[in-house]
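In UniProt numbering, the protein residues as written are 1 to 76.
Quick notes on the structure that follows.
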Amino acid sequence: RIAMVASRRKAEALCAKLADAGVAAERMARLKSPAGLDIRAIDPQEIALSVLAEIILWRNTDRTRAPRDAEHESRA
1 RIAMVASRRK AEALCAKLAD AGVAAERMAR LKSPAGLDIR AIDPQEIALS VLAEIILWRN
61 TDRTRAPRDA EHESRA
């Protein structure tokens, strides 16, 4: 996965350049912009937090849960 901290317009311009360079549409479809979860972030700290939250979401969605994680949740 590839996410860009950029406006949609800037991402579209990049995709146009990539298409001109011969990059396949399937590969460009993997680009996400703007990066981060939509938490209505305004300042740089909030944008950074939204990007980190998205990374955590991707990481936790992609991996299988370890037995230790399930054991910890049962104690909570």
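Idealized CB from N, CA, C, for every residue including glycine.
Note that the structure is a prediction, hence the values are computed from the model and not measured.
Expressed to the nearest angstrom, what Euclidean distance is found between the alpha-carbon atoms of A6 and W58? Looking up residue 6 in the sequence shown gives position 6. Looking up residue 58 in the sequence shown gives position 58. Spanning the two alpha carbons is a distance of roughly 19 Å.
Span separating the alpha-carbon of I39 from that of R8: By 1-based counting over the sequence shown, the position of residue 39 is 39. By 1-based counting over the sequence shown, the position of residue 8 is 8. Looking at the two C-alpha atoms, the distance is approximately 17 Å.
Hey, L37 and S50: beta-carbon distance below 7 Å or not? Taking the first residue of the sequence shown as 1, we reach residue 37 at position 37. Taking the first residue of the sequence shown as 1, we reach residue 50 at position 50. For the 7 Å CB-CB criterion, L37 and S50 form a contact.
Inter-residue spacing [alpha-carbon to alpha-carbon] between E54 and A3: On the sequence shown, residue 54 is found 54 positions in, with the first residue counted as 1. On the sequence shown, residue 3 is found 3 positions in, with the first residue counted as 1. Roughly 10 Å separates the two Cα atoms.
In whole angstroms, what is the alpha-carbon distance linking D62 and E26? To locate residue 62, count along the sequence shown from 1; it is residue 62. To locate residue 26, count along the sequence shown from 1; it is residue 26. Between D62 and E26, the C-alpha separation is close to 20 Å.
Within the same chain, show all residues whose beta-carbon is closer than 7 Å to that of L52, passing over the 5 residues directly before and after it, in chain order. Against the sequence shown, residue 52 aligns to sequence position 52. Same-chain partners within the cutoff: there are none.
What span of residues does the alpha helix (DSSP H) with I55 cover, start to end? In the sequence shown, residue 55 corresponds to position 55, counting from 1. Per DSSP, I55 belongs to the alpha helix (DSSP H) from 44-62.
Residues near A41 by beta carbon distance below 8 Å, same chain, minus five either side: Taking the first residue of the sequence shown as 1, we reach residue 41 at position 41. Closer than 8 Å at the Cβ level, and outside the excluded window around A41, lie I47, L49, S50.
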